[in-house]
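Every number in our numbering is 5 more than the matching position in the sequence shown, counting from 1. To keep things clear, I will list the structure first and then write my remarks on it.
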Amino acid sequence: MGTAIAVKGLTKVFNGLVAVDHIYFKVKKGTIFGFLGPNGAGKTTTLRMLSTVLKPTVGTAEVGGYDVVRDDLKVRKIIGVLPEDVGVYDRLTPVETLIFQGKLYNLSSEKLKERINELLEVMGLREQRNMKVGKFSKGMKQKVALMRALLHDPEILFLDEPTSGLDVMSAREIRDIIVKNASQGKTVVISTHNMWEVEKICKYVAIIHKGKILIEGKKEEIEKVTKQKDFEEVFVKLVKEETNFGNFSY
Ligand SMILES: Nc1ncnc2c1ncn2[C@@H]1O[C@H](COP(=O)(O)OP(=O)(O)O)[C@@H](O)[C@H]1O
Ligand SMILES: [Mg+2]
């Protein structure tokens with residue numbers, strides 16, 4: 006299996022604050038990669054650089070073989086993004102939201118119709134398709150945002166804390182949808198501060214703390230190297246000691 010994402014020394018400095026500090030990692034095609042770290046670790050900043058919203062201060066990254074700075078428009082075509090602040094329009098319905106998004110991606114009206122139907126089905130939002138999103142629960146809004154990210158059938162997904170703040174059932178549904186997408190060949194990067202989530206759905210993990218990657222690789226390998234029995238232990242140990250085990254999966 007090939008490489009979907011290659012991050013090479015990616016760095017972002019905001020007015021002297023090093024938010025992301027020379028990070029390196031690779032994501033294999035068709036896998037779920039968990040970007041795990043506490044608040045302020047640099048997860049959102051990294052995802053924003055990878056999704057071409059933010060320009061790196063130093064370093065590069067390739068997404069689907071394209072450079073995020075030089076080929077930003079090509080990157081945008083092949084990625085789907087769930088940003089940290091979901092930002093769905095309260096006054097639109099799910100269908101209207103998707104029609105608007107479809108126009109941005111120049112989907113034909115036939116293709117658009119087909120995708121809207123598929124996604125309403127997958128998300129279980131068919132009955133609510135013509136209701137204003139403003140009336141939706143947080144979980145339902147998140148589904149609308151996820152539909153928007155998936156509409157143009159992107160090969161790579163960047164999901165920033167996709168289940169954060171959701172009730173148990175909604176979080177579970179969102180996770181199932183993520184797993185299903187990966188099993189259909191999509192590459193998924195999720196950021197999370199939820200260790201259990203990583204344990205449950207991610208095959209590969211990077212732990213980021215204060216802008217630096219402390220450890221990165223296959224989930225089981227990480228547990229072996231740190232001699233910890235579960236992911237919470239790994240996380241606590243690394244963050245406490247700020248140990249840098251580096252990369253060992255490639
Ligand atoms: N646009 C910005 N301007 C200045 N500082 C920022 C900006 N975005 C993020 N930061 C800072 O960068 C650091 C990393 O933030 P962020 O990437 O949002 O972390 P996380 O998503 O892991 O919680 C934090 O200290 C945050 O305050
Ligand atoms: Mg964040």
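Built from N, CA and C at the ideal position, the CB exists for glycine as well.
| field | Sequence-distant residues of the same chain with beta carbon closer than 8 angstroms to Asn186, five excluded per side | value | Excluding positions up to five away in sequence, the list reads Leu155, Leu162 and Val193.
| said: Suppose the cutoff is 6 angstroms on Cβ atoms and the five residues either side in sequence are ignored; what does the same chain contact list for Thr50 look like? | reply: Lys17, Ala24 and Val25
| request: Any chance you could list the beta strand (DSSP E) runs of at least 3 consecutive residues sitting entirely within the region 84-171, in chain order? | output: 84-87 and 161-165
| query | For ligand 1, which residues have a Cβ under 6 angstroms from at least one heavy atom, in chain order? | reply | Phe19, Leu22, Ala24, Gly42, Asn44, Gly45, Ala46, Gly47, Lys48, Thr49 and Thr50
| Candidates Glu202, Glu226, Lys223 and Lys232: closest to Ile179 by CA position | Glu202
| message | Between the alpha carbons of Val73 and Lys229, how many angstroms are there, rounded? | response | About 34 angstroms.
| query | Which residue or residues does DSSP assign as beta-bridge partners of Gly69? | reply | Beta-bridge pairing links Gly69 to no other residue.
| Taking 7 angstroms as the cut-off, is the CB of Ser142 close to at least one heavy atom of ligand 2? | Within 7 angstroms of the C-beta of Ser142 there is not a single heavy atom belonging to ligand 2.
| By Cβ distance below 7 angstroms, which residues in the same chain neighbour Val86 in space, the five residues on each side in sequence not counted? | Ser56, Ala154 and Phe163
| field | Cross-strand partners of Ser268 (DSSP beta bridge) | value | Nothing about residue 268 can be reported from this structure: the residues present for the chain run from 6 to 255 only.
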